[in-house]
Every structure is written in structure tokens, then in C-alpha cells.
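Student:
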Amino acid sequence: MSKLDYKETLNLPRTNFQMKANLVNKEPEILKRWEEQKIYEKTLEYRADAPTYLLHDGPPYANGDIHLGTAMNKVLKDFVTRYKTMRGYRAPYVPGWDTHGLPIEHRVTTMLGDEAKNKTPVEIRRLCKDFALKFVNIQREQFKRLGIKGDWENPYITLDPEYEYHILDVFKTLVEMGNVYRGNKPVYWCPNCRTALAEAEIEYHDHESPSIYVKFQMVEDPKTYIVIWTTTPWTIPANVAIALHPEYTYTKIKVGEEYWIVAEGLLQKFSAETGVHFEVVEKFLGSELEGKLTKHPLYDRTSIVVLADYVTLEDGTGCVHTAPGHGEEDYQTGLKYNLPVLSPVDDEGKFTKEAGKYEGLKIWDANKVIVEDLKNNGALIKYGKVQHSYPHCWRCKGPVMFRATPQWFISVDKNDLRKKVLEQIKNVKWYPAWGENRITAMVQERPDWTISRQRVWGVPIPAVICRHCGEVILDARVIEKFANIVREKGTDAWFEMDVEHFLPEGLTCSKCGGNEFDKTYDTLDVWIDSGCSWEAVVHSKGEKFPVDLYLEGDDQHRGWFQSSIFLSTAKTGVAPFKAVVTHGFIKDEQGRKMSKSLGNVVDPMEIVNKYGADILRLWVASTDFFDNIRVGKNIIEQQVEVYRKLRNTIRYLLSNLYDFTESDLLPYEKLLPLDKWALGRLQKYIEQVTSYYEEFEYSKVYNATVKYCTTELSAIYLDILKDRLYVEAKDSIYRRSAQTVLYYILDALVKILAPIIPFTAEEAYQESPAKRFESVHLEYWPEVRKEFVDDQLLEEFQHLLLVRDDVLKALEEARTSDLIGHSLDAHVYIEPKNEEIAALLKKYEGILDEFFIVSAVTLTDENLEGAVTGQFVDVLVKHADGEKCQRCWKYHPDTGKDEKHPETCPRCSAVLRGERK
RNA sequence: GGGCUCGUAGCUCAGGUGGUCAGAGCGCACGCCUGAUAAGCGUGAGGUCGGAAGUUCGAGUCUUCCCGGGCCCA
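Count along the first sequence from 1, then add 22; that gives the number in my numbering.
Okay, structure coming up:
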């Protein structure tokens, strides 16, 4: 027989599982098959009676393509649901979208431009809806392409009438509890457009404003004044307080016959700007003045000294004019000190009658008049002008103002709501654990929740206003009536239908007893929308509640987690989730934030279209997502390399099982020692990886799996096995023993990888002899089989592997000196360094040549001349004696002695004769 | 400025309660094989564990401060 003919007698690997993945083309085909086979539906069907594991989806906002952050978020969720499904749970996944709110309304009105003014609210709402649904569809396709398994045909969408009904239902509960109240709060207001503006609708431009220093006389000490500085004289009528920093040093200076109070750090600047000459007479901390009263310079009332951390020493006097009706910080301070919120200004920016003599004046015109008055009564120290950045309206470009307007609030403390929420937080398991501290601190400090918006794209707050006295009434019965109509017609009904349809019988004004009303047109904060999802999607449908898991970015400690836990605690008394996992944010390779201006934005679909979804998913698994994670070309390409390794390992397993089925499995007792070792190691690997999955530690799954495939399988076990798999008789015990273990390894590996790289796992599963279902995603998680673990054997092999390291080093030296090429060229002489090792090697003497992949091994206790000193053994490498067997490439002294097969070693001759089983 | 948080080899990550803990895989360099072949195997070079001080017989591991990044507020 020639060399080539001997090759024909080997059992070389064979498989349809291609080395080249071609994921970009293959993944869509697999997706299509999953859809046709209804795999998602079947996972639920097959587990209909099993316990439920419920991950409730946080709805992304439907106003653009998905970005890498949302992609990662969904992939992580998919890891969870796929894993839990394989663990035997019924684990439904209902994706959702957040569809109301300003960003969409803003985009739509921007696109409309001037035309927006001619549109009715309902027309604008229709456009918003179309806009949102368009992106729901786009995002849905993108998420599906990532391999996210879920009920994509029946997602929850916050603009669905049924969903809107539940928002109103939860809201009604809050109203009934008495936690909803009406109060005043400053918002950006454009007097020209006569509308409230959101932060996002503000543009900053340079603007010239007056700059005035004003002194406030102290009540207790009429010779002493506190000096303030402001660029908005028109807000002086609304002044109720002066804010000082508690820890700054303030000085009392003597100016003429008077004493003025100014922060020490601003004295020079103050003096330079006002030209005032002074003499310091006293110093004290800001905190010492807390509660002192001053006289208002224009009205017969007082302003109180308060303390605030935001006071700086950049401009002014360190004594900040405070008008809670005209500034956000002022408002917050006002809440703390229970100050009145004055805002004597109307929609058009004109003073109302509360402003006294200024009534009817436009605020911009009033500046002059007020400055003049301050000058006349001696309160004005200095008048000047200043150029600074000032907020302007995005639409009319005019300057805007802060103006207190009536808003709806949810009281955080009424009915002990805050306390109950804090209690509930403790019952939740937070991953990572610091999430609990974070949300606890936030809940402890948060102010009441402003829930009204002066916008059209949202769920209307069905409050009515009395036609007679103007009292605004929020009545649970109106909400209920409206909610029931919404269920049929959607929230457009509020804009389209007559108020009478929403009024319960006998509704009268609580103030004047009137019975005629008009609608009001505020809408609800969208955090209420999404914060009700547990009710709309889970609780009201009789699904498992509280759900097992919420999984979102850590910004949601303030956002969705909080709105959800507040609303759920209010209505049901408990948190809506048992556990919360948070992830960090995605940065570029330098750790910088991704932004269009930096040009470092990575598009997830670009990765999918270039490398495949499994590569993107493998990258997600490789990261420590609890913290911020980095991404870029290099990092992704690293995953391509790792993917190749995993794929080739699976491919090699498959290719050596082409002639193997379940019925060929050998019982454990019949396995060869090396195979028992590998099987035991597999159990350890399964056990470890399973615990990682339980704790959402995917990077550890990833690392353990890569290491397992590279070192234990590829470099050791599979390399050693080549001889037996190829050379021994097809159905011999030597080969079947190896194949039995390969079968178990393949089966486990494919399943363990299935949640992470579902496409590749599916492709491999279809070729696997262990296939039992039509899809790997209907499969069950591999069990750890204790009977496959022989701890003593594992321990012994652990030591043999250390000896192997010594042998490999010696072989490498022999290679360098051209003594050998392939390790099979070698005959290795080993001198153990201690008795223990000697005994161990003796025990396994018969398989050492196989284990080291050499032709022969000789154990000796003699001193080996020229040996390489290792850690546990000394090793001498010689070229092997005899001829190289043309079949198995091993050297053997007796090669060539078989008459029929003269070029083969005794073992191969026996195999060829059919004598070796 | 405040609350929380992160900073270990070029990259991605491991390193309970302080004492062989300075590691793994990838990448890289060099070599082997050509019966996993656009594969496989081996050997090797890479880190003062962000910086400084402190507690301790001993600190990536505890404390304080500083530098840099992040989320949320202000």
C-alpha cells in the first residue's frame, strides 16, 4: 500500500459545518426559519405548565434608529430569557416602546415649521403617532436582526388605547389617594409665542441685559444693608429672599454712614465695578445670617435670608436675589424654606395687578421703570449693562423668561409614599449591589414629581375648569369616564369630544358650586407612561407580578426604575420587580463619550452587516457591562478572532462525530482514563458557567468558555485525541470512548453558547448527533452529572499536565536544535524529581506517549546526561528509534515487521487486520 | 459643587474576609506541523496593579488625599 492508500484507512474528520461562518448571509436565513417554525411561541407552549421567569422590558424611545446602547441592552435581556428558557422556565419576552413626549413632538413641529401654527392638536398628534410608529417598525426590524427572541408581533406601545387606559387607571388611583395636587412652578416661557418651553427648546444667544446692584435694608439693624446683584430687574417685584452660601465668609463694610454686606471673595470685584470705597468692619459666615429679615426695596414687605449651596463667587456679591417664581434654583430653595412663589406676570409677559403700579407693563419695558424706582428710593447702588448668554425661544428667537405657572404634582410624602418606596427598595435585589444605595439616596432627596406638561403629544390630564370661577378640578370620576372612552377611541377623544362626555352626573365646582366646565389641556409626563408598564403589560394581564427582573442602563435609577416603583407601590403596595440589573454606558476605544461631533459613534447595524449579529453579541458577552464599556474597530475584530476559535472548536467536535450517535455512547466505567478526565473537566466547566449565568456574569462565561476551548480542548484534549480518532478502528473502544466524551462536550458547549451566539449555536445544533428538538432554543440546559466526576483522577491529571509542561519545554529545545520537528519524532526520557511524581507517572506509564504526543516514553531514576531540568521532572529528548509508521506517523522499533503491511507499526497492522478493537 | 461609581499587561477580563496574586485568553515575536489547513501545536517577550501618603511584620486587596473617566443631580 502506498502512503496515500494508508490515508484512506484513517477516520479523518468530516462535517458540513463550514469553517467560514458567513454570518452576514446565514443569520437572516436562520431568522427566517425560526419565524416559520414559530420557535418563540413553541418555547412558551412547551413550557406552558412550567414556572414563569419574567423579564419585563423597558421601552426604548421611538425616535430614531437603535444605537449601540439599546442594542447591548436588548442583547443582555436576550441572554437572560434564552438562558432561563433553557433552564426550563416559561420565559416570555414582550418588547415595548415609549412613544409619547416632547422629543417626538419637537421633531414633528420642527419639520412642520411655520405650518405648525395652522395645525390642530389632533392633527399634530396624528403626525406624532405616525412618526413614532415608523420608528417602532424600524427598531423592531433592527432588534430582530440582532437575534432578540420575543413577541415582536405583539409588543406593547404606550400610545395604544389599551395602554393609555392603564396609564389613566393608575393615575386615577393616585388622584383618589390624594397624592396629586396643583401648585406653582417656574418654567421657561416665551411671552411672544405664549407657550411653555422645555429645556430642549431653548437656544442660548448673546443678549444685553441691565446689570444692577441693589441694597436691601435689614429690619433689625436699619443702618446695615445686604447687597444683591441681578441682570433681571423685572424679577425684583417677585423677590422674597436673599440666598447666601452657608460656608462662605461675608464682610460687613462701612460705606459712608452705612454698613453693607458682601461676600469677602467678591469685595474687590464689587468695589471695582461700583467704584465704592469701603472699610471692612466685621467678618462672619453666611450661615450666621440665616433667617434675618430685610425690607423689600419696592414693596412694604420683607425678604428673608436663606442659605443655598449653589451660590458662587463668580459674579455679583455672593448674596443672591431669590425669586422662586422666576428661577429653578430659587424655586427649589423656596420649597426648602416654604417661601411664596410669586410670579405677577401673565402669558404675554405683562405684569398683573399683583405687581401693583407695574400692572400692564411688559417685563422688558418694566426694567427701566423699576431701575428708576430703585434709584429714587435709594436702593440702587449701581446701574450698568452686561453682555451675556441668555435663553431664547427656538421658534421665534426672542428672549424667554422663567415664569411660575400652575402645574400638577405627585406628592412624594402624602400617605407615606416615599417611606413605603424606601421600604420596597430593600426587598429588591440590585445588581450591582451599589444600585441600592444609589436609588435609595435619590428617593430620599427627590422633590415632588411635576407631572404636567404644556404639550399636545401625550396622555391628557383630564382636569376641567369651572366656567364660573375658574377653579380647576381633577376628579377621579372624570378620569374614569375618560379612561373608559380612551379604551375605545384613544386619547384623541379628549381633544375631539365635547366636555359633556367626560362629566359624571352631578359634578359641581368644589369652590362655587357651578356645574359648567371646560376642558384643560395639559398632558402627562412620559415617565408616567412608562412607569405604568408593569400595570399595562403585566399586572392587569394576570402575568407574574412582581416580575423577576428589570434590566436597564444605570441612568434609570432616576428614571424608569423610580417612576415604576413609585407608581407600583402607590397602587399595589409593592415594587414591580424582584431584581434589577443595570449596565453602564458605551464609550469609544479611548473611553470617551460617543458623539456625532467627535465622529466616534459606532452603529450596531454596521457591525451586524459587516461581521454578523453573533459577533456583536459575543462582544457584549465579553464586557464587564456593569461598568462603562468600550468599543471600536479593534475591540470588535478581537471578537472575530475569538469567534473563529469557538467556531473551529465546535467544527472539530462535529467533524469527529460524523459516524456517532447516541446509541454508540459508552458507559462511564468503560471510558479510558484520559476521557474520564475530559468528561470530569466538562462537568466542572458546566457547573462554573451555570453559576455565572445565574449571576448575569457573562464576561466570566465568555472567559471561562474561551479558555476551556483553547487550552483544555484545542491544545490538550483534542490534540491528543487525533491519534485515537484517526488511527484506531472506527468502532473500537479507543475511538468510541473518545467520541462518547466529544459527544457530551459538543452537546454542552453548543447549549452553553446558545444564549450568547444563538445563530451559530443553531447552525451547529442542526449538525449535532445530540440534536433532539427542531431548534437548540427549545433545548434544556446541560446538567452537571456528579457520576462523571472522579476527583482523584482529576487531581492526578492536574499533576500530569504540570509534567507535560516540562516535557513541552524540552521538546521545544529539541526542535530548536533540529533534533526533531514534530513531537512524534521524539523518544522522551523522564526522571521524576520526587517520589510522588514517580509513582504518578508509573501509574499512567502506559498512556504517557499518547499524553505527550510522542513516540515513546521511558521512565528512569538514573541521572540523565544533558537533560532539560523542569519543575517536576528532568527530561531528555532523543530521536525515536525505528521506522516511522506510514499510517500513524509514530516511530516503533518493530515497524516493518508485518508481512502484509510492511510500512506500518504493530498497532496499525493490528488495526488493518481487524484485530484491534 | 454634591451622591453613586470606575481606573490591573497593546486589547478584553480574573484576582472572597490583606500574606507564592501579579494571572488568563486574545494580539505580538520566533519556531513546528501540513491527516481541524484562510486551520492546528509549541516556546517567548509584555504590567513599579492611575498617583502619593498612611495603617500593618506584610497591601491591586484597608484608610486619606490627589489625578483621570462615567451616570444622575446641581
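Glycine residues also receive a C-beta, built at the ideal position from the N, C-alpha and C atoms. No experiment lies behind these values; they were computed from the predicted model shown.
(1) Would you call the CB atoms of T316 and S325 closer than 7 Å?
(2) Taking DSSP as the reference, what is the three-state secondary structure of K314?
(3) Based on the DSSP output, what are the partners of S384 in its beta bridges?
(4) How big is the Cα-Cα spacing for N398 and R216?
(5) If you follow the beta strand (DSSP E) that R580 is part of, which residue opens it and which one closes it?
(6) Quick check: K593 and T195, are their CB atoms within less than 7 Å of each other?
(7) Taking buried to mean at least 16 other C-beta atoms within 10 Å of its own C-beta, is E750 buried or exposed?
(8) Going by DSSP, name the residue or residues bridged to P428.
(9) Can you tell me the Cα-Cα spacing of W430 and I264, whole angstroms?
(10) Tell me which residues share the same chain as V508 and place their Cβ nearer than 7 Å to its Cβ, disregarding the 5 neighbours each side in the sequence.
(11) Rounded C-beta distance between K276 and F292? I'm assuming under 8 Å.
(12) Ignore the nearest five residues each way along the sequence and tell me which others in I400's own chain have a CB closer than 6 Å to its CB.
(13) Using the Cα positions of F424 and W211, report the straight-line distance between them to the nearest angstrom.
(14) On a Cα-Cα basis, can you pick out the residue from T37, I432 and Q409 that is closest to D228?
(15) With a 10 Å radius around its C-beta and 16 neighbouring C-beta atoms as the bar for buried, classify D547 as buried or exposed.
(16) Among V879, V478 and A285, which one has its Cα closest to the Cα of L335?
(17) Start and end of the alpha helix (DSSP H) containing E304?
(18) Determine, using beta-carbon pairs with one atom in the segment 92 to 112 and one in the segment 636 to 646, whether at least three such pairs fall under 8 Å.
(19) Which residues bound the beta strand (DSSP E) around T733?
(20) Taking only three categories from DSSP, how would you classify H267?
(21) With a CB to CB cut of under 6 Å and the five nearest residues on each side skipped, what residues in its chain are close to D896?
(22) Measure the C-alpha to C-alpha separation of I608 and D577 and round it to an integer number of angstroms.
(23) Round the Cβ separation of F810 and L740 to the nearest angstrom and send it over; I've been treating them as touching at under 8 Å.
(24) Which residue wins for smallest C-alpha separation from D753, given the options Y714, F682, E785 and K441?
(25) Straight-line CA distance for T31 to L704?
(26) Please state if the CB of A260 and the CB of H348 are separated by a distance shorter than 7 Å.
(27) Could you give the DSSP three-state label for F238: helix, strand or coil?
(28) Pull up the CB-CB distance for H579 and E538, whole angstroms please, since I reckon it's below 8 Å.
(29) Roughly how many whole angstroms lie between the Cα atoms of D646 and S552?
(30) Helix, strand or coil for A902? Go by DSSP, reduced to three states.
(31) With contact counted as at least three CB pairs below 8 Å, one residue from each stretch, are the segment 494 to 505 and the segment 523 to 531 in contact?
(32) Going by beta carbon distance, what residues of the same chain come within less than 6 Å of V905, once the five residues before and after it are set aside?
(33) Is the number of C-beta pairs between the segment 108 to 122 and the segment 598 to 617 that are closer than 8 Å three or more?
(34) From P143 to P484, what distance separates their C-alpha atoms?
(35) Using a Cβ distance threshold of 8 Å, determine whether the segment 827 to 847 contacts the segment 665 to 673, with at least three qualifying pairs required.
(36) Can you tell me the Cα-Cα spacing of R794 and Y62, whole angstroms?
Tutor: Inspection of the coordinates gives the following:
(1) Within the first sequence, numbered from 1, the residue matching residue 316 stands at position 294. Within the first sequence, numbered from 1, the residue matching residue 325 stands at position 303. Closer than 7 Å, so yes.
(2) Start at 1 with the first residue of the first sequence, and residue 314 comes out as number 292. In the displayed model, K314 falls within coil according to three-state DSSP, outside both helix and strand.
(3) Locating residue 384 in the first sequence gives position 362, counting from the first residue. Looking at the sequence provided, one finds Lys at residue 384 rather than Ser. Note: K384 sits in a beta bridge opposite K372.
(4) Counting from 1 along the first sequence, the entry for residue 398 is found at position 376. Counting from 1 along the first sequence, the entry for residue 216 is found at position 194. Using only the alpha carbons, I get a separation of about 33 Å.
(5) Within the first sequence, numbered from 1, the residue matching residue 580 stands at position 558. No beta strand (DSSP E) holds R580; DSSP gives it neither H nor E.
(6) Locating residue 593 in the first sequence gives position 571, counting from the first residue. Locating residue 195 in the first sequence gives position 173, counting from the first residue. Annotated as proximal: K593 and T195, with beta-carbon spacing under 7 Å.
(7) Along the first sequence, read from residue 1 onward, the residue named residue 750 stands at position 728. Flag for E750 reads buried.
(8) As a working mapping, residue 428 is identified with position 406 in the first sequence. For P428, which the question treats as bridged, DSSP gives the partners N206.
(9) To locate residue 430, count along the first sequence from 1; it is residue 408. To locate residue 264, count along the first sequence from 1; it is residue 242. W430 and I264: Cα-Cα distance of roughly 27 Å.
(10) What you label residue 508 is simply residue 486 of the first sequence in a count that begins at 1. So the qualifying residues of the chain are P183, E186, Y187, L190 and A515.
(11) As a working mapping, residue 276 is identified with position 254 in the first sequence. As a working mapping, residue 292 is identified with position 270 in the first sequence. Not really, about 14 Å apart at Cβ, beyond 8 Å.
(12) Reading the first sequence from its first residue, position 378 is the one you call residue 400. Residue identity differs from the one stated: residue 400 is Gly in this sequence, not Ile. Closer than 6 Å at Cβ, skipping near neighbours: no residue.
(13) Reading the first sequence from its first residue, position 402 is the one you call residue 424. Reading the first sequence from its first residue, position 189 is the one you call residue 211. Spanning the two alpha carbons is a distance of roughly 6 Å.
(14) In the first sequence, residue 228 corresponds to position 206, counting from 1. It is Q409.
(15) Here residue 547 corresponds to residue number 525 of the first sequence, with the count starting at 1. Result: buried.
(16) Stepping through the first sequence from its first residue, residue 335 is reached at position 313. Among V879, V478 and A285, the Cα nearest to that of L335 belongs to A285.
(17) Your numbering for residue 304 matches position 282 in the first sequence. Note, E304: premise wrong, no alpha helix (DSSP H); beta strand (DSSP E) at E301 to L307.
(18) yes
(19) Along the first sequence, read from residue 1 onward, the residue named residue 733 stands at position 711. Taken as a continuous stretch (DSSP letters only), T733 belongs to no beta strand (DSSP E), as it is neither H nor E.
(20) As a first step, residue 267 must be located in the first sequence, where it is residue number 245. H267 falls in the coil class under three-state DSSP.
(21) As a first step, residue 896 is located in the first sequence; it is residue number 874 there, counting from the start. Cβ neighbours of D896 beyond the five flanking positions: E853, L886 and A889.
(22) The residue you call residue 608 lines up with position 586 of the first sequence. The residue you call residue 577 lines up with position 555 of the first sequence. Answer to the nearest angstrom: the Cα atoms are 13 Å apart.
(23) One-based indexing of the first sequence puts residue 810 at position 788. One-based indexing of the first sequence puts residue 740 at position 718. That belief does not hold up - the Cβ atoms of F810 and L740 are roughly 19 Å apart, past 8 Å.
(24) Taking the first residue of the first sequence as position 1, residue 753 is located at position 731. That would be F682, whose Cα lies nearest to the Cα of D753.
(25) To locate residue 31, count along the first sequence from 1; it is residue 9. To locate residue 704, count along the first sequence from 1; it is residue 682. Distance between the alpha carbons of T31 and L704: 31 Å.
(26) Stepping through the first sequence from its first residue, residue 348 is reached at position 326. Stepping through the first sequence from its first residue, residue 260 is reached at position 238. Taking 7 Å as the Cβ cut-off, H348 and A260 qualify as a contacting pair.
(27) Counting from 1 along the first sequence, the entry for residue 238 is found at position 216. Three-state DSSP puts F238 in a strand.
(28) Mapped onto the first sequence, residue 579 falls at position 557. Mapped onto the first sequence, residue 538 falls at position 516. Wrong, their Cβ atoms sit about 46 Å apart, outside the cutoff.
(29) Taking the first sequence and counting its residues from 1, one reaches residue 646 at position 624. Taking the first sequence and counting its residues from 1, one reaches residue 552 at position 530. One C-alpha to the other measures close to 28 Å.
(30) Your numbering for residue 902 matches position 880 in the first sequence. A902 falls in the coil class under three-state DSSP.
(31) yes
(32) What you label residue 905 is simply residue 883 of the first sequence in a count that begins at 1. Reading off the sequence, residue 905 comes out as Glu, not Val. Result list for E905: T917 and G918, in chain order.
(33) By the C-beta criterion, the segment 108 to 122 is judged not to be in contact with the segment 598 to 617, since fewer than 3 inter-stretch pairs fall below 8 Å.
(34) Position 121 of the first sequence holds residue 143. Position 462 of the first sequence holds residue 484. If you take the alpha carbons of P143 and P484, they lie about 15 Å apart.
(35) no
(36) Taking the first residue of the first sequence as 1, we reach residue 794 at position 772. Taking the first residue of the first sequence as 1, we reach residue 62 at position 40. The straight-line gap from Cα to Cα measures roughly 17 Å.
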